[in-house]
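Each protein sequence line maps, in turn, to chains Z and D.
The end of the first sequence is residue 544 by my numbering, with every number in the run present.
The end of the second sequence is residue 1370 by my numbering, with every number in the run present.
The beta carbon of each residue, even a glycine, is placed where N, CA and C say it ideally should be.
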Amino acid sequence: MTDAALAPISRPPAPAARGHATPAATSWITPTRVLGLVIGALFAGPAGFVAWRTIRLGGDLGSALAEVPAPLWRTVQLSSLVSISTAVLGTGLAWLTTRTDLPGRRLWRVALVLPLVLPSFVGAAAFISGLAPGGVVHDSLDALGISPPDRFRGLGAAWLVLTAFTYPYVYLPVAARLLGLRSHLEESGRLLGLSSMSTFIKVTLPQLRSAILGGGLLVFLYTLSEFGAVQLLGYDTLTRVIFSSRQTNRALSFAAATVVLILALCVVALERSQRGAARPDDRAASMNRRAAQLGWAKIPALGVCGLTVVVGLIVPVTSLATWARRGLSDGRIGFGQLVEPAASTALVAVSAAIVATTVVLPIALATTRRPHRSSDVAAVSVVVGFAIPGLVLALALAVLTLNTPALERLYQTTGLLIIAYVIHFGSQALASSESAARAVPNGLRESSRLLEPSPIRRFFTVDFPLMRPGLLAGGGLVLLSTVKELPATLLLAPPDFSTLSTEIWAAYEEGFYAEAGLASIVLIAVSAVLTWFLVLRRSDVVRR
Amino acid sequence: MVVLTPVATDVRDAKHFSGSGAYTAAMIPSPRTLRHAATAVALAALVSAASACGGDDADVTIYSGRTDNLIQPILDDFEASTGLSVEVKYGSSADLALLIEEEAEAGESKADVFLSQSPGSLGFLEQNGRLAQLPDETLALVSPSVSDDGGQWVGFSGRQRVLVYNTDLVDPADLPDSVFALTGAEWSGRVGVAPSNGSFQDFVTAMRVTEGDDDTADWLAGLNANDPKIYANNNAIVQAVGRGEVEVGLVNHYYNYRAIAENPDQPSANHNFAPDDPGSLLIVTGAAIIATDDADDIAAGAQLIDFLLSSSGQQYFATETFEYPLAAGEPPASDVPAIDFTDVGGIAYEDLGGGLEQTRVLITDAGFDG
């Protein structure tokens, strides 16, 4: 879509309005685009460092590629499979909980977000322990007369665990988009005799395309940089090459990280080319909401929601509770030592969510309002930040701050930690913000331009209220991801600063399962409370 | 059957869109919008306040590859008895070593003392010239067999490699004296291994020192050909042995003591290979001082390491973590079998660091990790 297409159809010949529009028509330089590029450049810092270090260490990409084809292929396989399954599951659940008369919709909308809070290595460990004899899954399957699997390892296991814990990356933006979409097209479809399934496929799905692609991309990049869970589940991916050679062969380690980044760039470029023209809705959103009556289909629908929550939440939490109970019953552990880490976790996570949502907003506005290659470059650099494994990102930021006198004061402060989270998870806010920006009808923006000359006031009075559900969803994703982040937190946190995820790691690493279980349960509780009060309660995802 | 029915329209949206005349209502910032802005500003202030207090400097800054559960109490004792303040950054030994290396390269070292679970990470820093020479008095506290020949690091607790076995599935009389026996046909499909784990790699490096690369490569290939079960770490092996998923596993000795402490019913026990067998390697947790021009930092660091090697420090490791105390004359916990350190001598620990890359190549070439 060109600038011309976005120009108001009947712009009044007022001098003020023309003066506003002329520079944009003749030059690509607009304040939003420039701001977007500056932000994009900051996000690109760590990736740039990885490339520079690879070259400086003499890391020969050719020889690295010779060493990595098998793990590379496994990484591509796993990431693709998880992306596809989460896209299907997340979209289906979003439709069920926003567009139908599914019983308990409000409860499901909260419960279905929660699997995202578990650090995936904790989820994997809980699954392994749940499937072991005496574990919750093993005994339940036994009681049902199904013989439990002997081993839980490899591609299938990694696929199941990552799908169960990452589908909310698709579910949240798609649900937000569904709530912002007018239903008049669907109603027309129904009136013209389409079945509800055809209506969903032919009418609704195309409008969800960008939200689904954006969410699926996040899942792909998450899987790409994931290390803890896939290692526990015995599935060797590219990140293992990065980790196992990080000390013994740093050239190879950085070359492998560069391969991850190149793969991420290709996938991000592919996604941006496939999402189609970003066309804002022409008319007001959210009028005349109609719910589909599920009828008998309620039973399988409830089954799908229930199974998702059982696999993503109940099974791991039961395993974790079993660990914690052993320690609580003999008084070895208590909640007292977890208060400070819980407070630290909440502080950094809320800060990261606010900062991330704010800094990516200019890019989201630039890419959706007046698409231009420069904005796309900025967006790609934000998105690729998610694909950098946490350890590599942390090392990059450490080196960049240590070697820049002006930034040296930032080293080992919570400030730098929050910057790391923002770079790592900004993509999650961006995907949702882009959807949110599309929810603002063009006609409304044009009309408001006549009445309010200040673009900043216009943003807060017209755009912001309409974008709010999407912005909250994006902030919520950043918050949940930050709460469970581990490798970058370990490396960049100030001394004596611990979060719940570092407590879980420390306990698990040394085999103190009781502590690990208790800290995990506190982490889930903190995430649930923060998500409820800061995101869900204020967002339309629950209100409607 | 799916039927569409109307659902109540949201009132707030109607406010904005009920017609062009209503737009003026949306032009005034709502109290809620202002409140959001105020919250954001307050949080930003909070964050910058939190950042500003990150830089306070303690007398001794420790980077510890050992997690707080297993060392913080003894560091608290150190603060109480010396009056020196301590701050600790926890992480995995290898990651912290990388961070120390980057800090040193930028000329901005923050760490005074590095406590490493892996001799490999100490070797990495020593090779790069990032460690200071330890005082002779500190080196004299332990047997030379468990400290660096170059005098740049000293062991303060030890972990022995053992074979953990399931007591329901395996008769202890059938367990071998040598780790080399595990490539035999009778052990096919019965052994748990963690080839990507640091302590397994340290053990293989030690085997290369005593047996040579060719024999080590042969053993690794034989082990891999014997259908071993692969795990991520020692803990996973001990848990798997406990639930009977695999019969025996190559691990460090203390994991089983901790697993039993967590779950006394777990049917698992340790088996020691013969004392001179590479399978019974002792891996030390080492302490080093980061190279600096500041003599005070070195003195404070040495004071901390001496405290770890004092009787109270050593008995903490013996009784709380079930490790071997390494200072002369300190006995292990009562249910941990004593070992004679002169038997484990002879392995040049510094080679564990320098040769780790070659070890990784051998492990990969044997078909592990593939």
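Item, Value
"Just curious, the alpha helix (DSSP H) that N1235 (chain D) is in, first and last residue?", "N1234 to G1242"
"For a quick check, are the C-beta atoms of L500 (chain Z) and L486 (chain Z) less than 8 Å apart?", "no"
"So if DSSP puts F1114 (chain D) in a beta bridge, which residue, or which two residues, is it bridged to?", "D:Y1063 and D:A1288"
"Alpha carbon to alpha carbon, how far is T248 (chain Z) from L181 (chain Z)?", "53 Å"
"Could you say which of D:A1287, D:A1104, D:V1154 and D:V1284 lies nearest to N403 (chain Z) if we only look at CA atoms?", "D:A1104"
"Please report how far the alpha carbon of V267 (chain Z) lies from the alpha carbon of M197 (chain Z), in whole angstroms.", "30 Å"
"In chain D, which residues lie less than 8 Å from A519 (chain Z) when you measure between Cβ atoms?", "Per Cβ cutoff of 8 Å: no residues; A519 (chain Z) is ~11 Å from chain D at best."
"Give the residues of chain D in contact with N442 (chain Z), contact being defined as C-beta atoms less than 7 Å apart.", "Those within 7 Å of N442 (chain Z) in chain D number zero; the least Cβ separation is about 14 Å."
"What does V399 (chain Z) touch in chain D if you count any residue whose Cβ is under 9 Å from its own?", "E1102, E1105 and A1106"
"So what's G295 (chain Z) in DSSP terms, helix, strand or just coil?", "helix"
"I'd like the list of long-range same chain contacts for T204 (chain Z), defined as Cβ closer than 7 Å, with 5 residues on each side in sequence excluded.", "E186"
"Alpha carbon to alpha carbon, how far is L518 (chain Z) from A44 (chain Z)? Give it in angstroms, no decimals.", "37 Å"
"Count the other CB atoms, across all protein chains shown, that sit within 10 Å of the CB of S230 (chain Z); report buried if there are 16 or more and exposed otherwise.", "Checking the sequence shown, residue 230 (chain Z) turns out to be Val, not Ser. With 16 or more other Cβ atoms within 10 Å, it is buried."
"Can you pull the chain D neighbours of R246 (chain Z), defined as C-beta to C-beta under 8 Å?", "A1094, D1095 and L1098"
"So that I know if they touch, is there some Cβ in chain D lying closer than 8 Å to that of G234 (chain Z)?", "yes"
"If the cut is a Cβ gap below 8 Å, which residues of chain D does A506 (chain Z) touch?", "T1067, D1068, N1069 and Y1090"
"Once DSSP output is grouped into helix, strand and coil, what is the label at R1159 (chain D)?", "strand"
"I1230 (chain D) by DSSP, collapsed to three states: which one?", "strand"
"Taking 8 Å as the threshold (C-beta atoms), are G1091 (chain D) and L232 (chain Z) in contact?", "no"
"I'd like the ranges of any alpha helix (DSSP H) spanning at least 4 consecutive residues and lying wholly in the segment 54-121 of chain Z.", "61-67, 69-99 and 105-111"
"Is S1196 (chain D) close to chain Z? Criterion is C-beta to C-beta, closer than 8 Å.", "yes"
"V478 (chain Z) to D1296 (chain D), Cα distance in whole Å?", "43 Å"
"Ignoring anything shorter than 4 residues or poking outside the segment 383-423 of chain Z, list the alpha helix (DSSP H) runs there in chain order.", "390-402"
"Measuring straight from C-alpha to C-alpha, what distance separates L365 (chain Z) and A1291 (chain D)?", "50 Å"
"Do you know offhand how far W323 (chain Z)'s Cα is from S1310 (chain D)'s?", "35 Å"
"Can you give me the start and stop residues for the beta strand (DSSP E) that S1268 (chain D) sits inside?", "S1268 to H1271"
"In chain D, which residues lie with their C-beta within 7 Å of the C-beta of P495 (chain Z)?", "T1061, E1087, V1088 and K1089"
"Grab me the residues of A482 (chain Z)'s own chain with a C-beta within less than 6 Å of its C-beta, minus the 5 sequence neighbours each way, in chain order.", "Before going further, note that residue 482 (chain Z) is Thr rather than Ala in the sequence given. A349, A352 and Y421, listed in sequence order."
"Give me the chain Z residues within the contact set of N1235 (chain D), using Cβ-Cβ distance strictly less than 7 Å, ordered along the chain.", "G511"
"Can you find a CB in chain D that lies within less than 8 Å of the CB of L194 (chain Z)?", "no"
"Note down, in chain order, every chain D residue with its Cβ under 7 Å from the Cβ of A514 (chain Z).", "E1262"
"Return the CA-CA distance between L192 (chain Z) and A264 (chain Z), expressed in angstroms with no decimal places.", "43 Å"
"Quick one, which residues of the segment 1279-1295 of chain D are near chain Z if we go by CB-CB under 9 Å, in chain order?", "none"
"Under 8 Å between the Cβ atoms of H138 (chain Z) and G130 (chain Z)?", "yes"
"Does L491 (chain Z) get closer than 8 Å to chain D when you measure Cβ to Cβ?", "yes"
"Express the C-alpha separation of F243 (chain Z) and F512 (chain Z) in angstroms, rounding to a whole number.", "24 Å"
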